[in-house]
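Have a look at the structure below, then the notes.
In this note's numbering, the protein residues as written are 46 to 132.
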């Protein structure tokens, strides 16, 4: 198990959850422009970007799907850190 990968994935999870919660709270009021789920899309870009390019854009407004995509992205971050660290 890679400690660096676990730290990076943990920090990512905390930041991603904070961004999604703030994005949901702030974009609920609307205003002159509404960029709903833009924060969720940006924090899950390594997974949601390729899915969108393949025509399978995840419904990030659904909390369960958003949580799954965040977990997939955290897993990807762990895997990349593990490969880079060589452990």
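Here a beta-carbon is modelled for each residue, glycine too, at the ideal position from N, C-alpha and C.
Report the three-state DSSP secondary structure of residue 130 (helix, strand or coil).
As a first step, residue 130 is located in the chain shown; it is residue number 85 there, counting from the start. Helix, per DSSP.
Length of the line joining the Cα atoms of residue 107 and residue 92:
Taking the chain shown and counting its residues from 1, the one referred to as residue 107 is at position 62. Taking the chain shown and counting its residues from 1, the one referred to as residue 92 is at position 47. Computed Cα separation, rounded: 16 angstroms.
Straight-line CA distance for residue 70 to residue 109?
As a first step, residue 70 must be located in the chain shown, where it is residue number 25. As a first step, residue 109 must be located in the chain shown, where it is residue number 64. Those two C-alpha atoms are separated by around 17 angstroms.
Here's a check: name, in chain order, each residue in its chain whose Cβ is nearer than 6 angstroms to the Cβ of residue 50, leaving out the five neighbours to either side.
For the purposes of this step, residue 50 is identified with residue 5 of the chain shown, where counting begins at 1. So the qualifying residues of the chain are 123, 126, 127.
Three-state secondary structure (DSSP) at residue 97?
Stepping through the chain shown from its first residue, residue 97 is reached at position 52. In this structure, residue 97 counts as helix in the three-state DSSP scheme.
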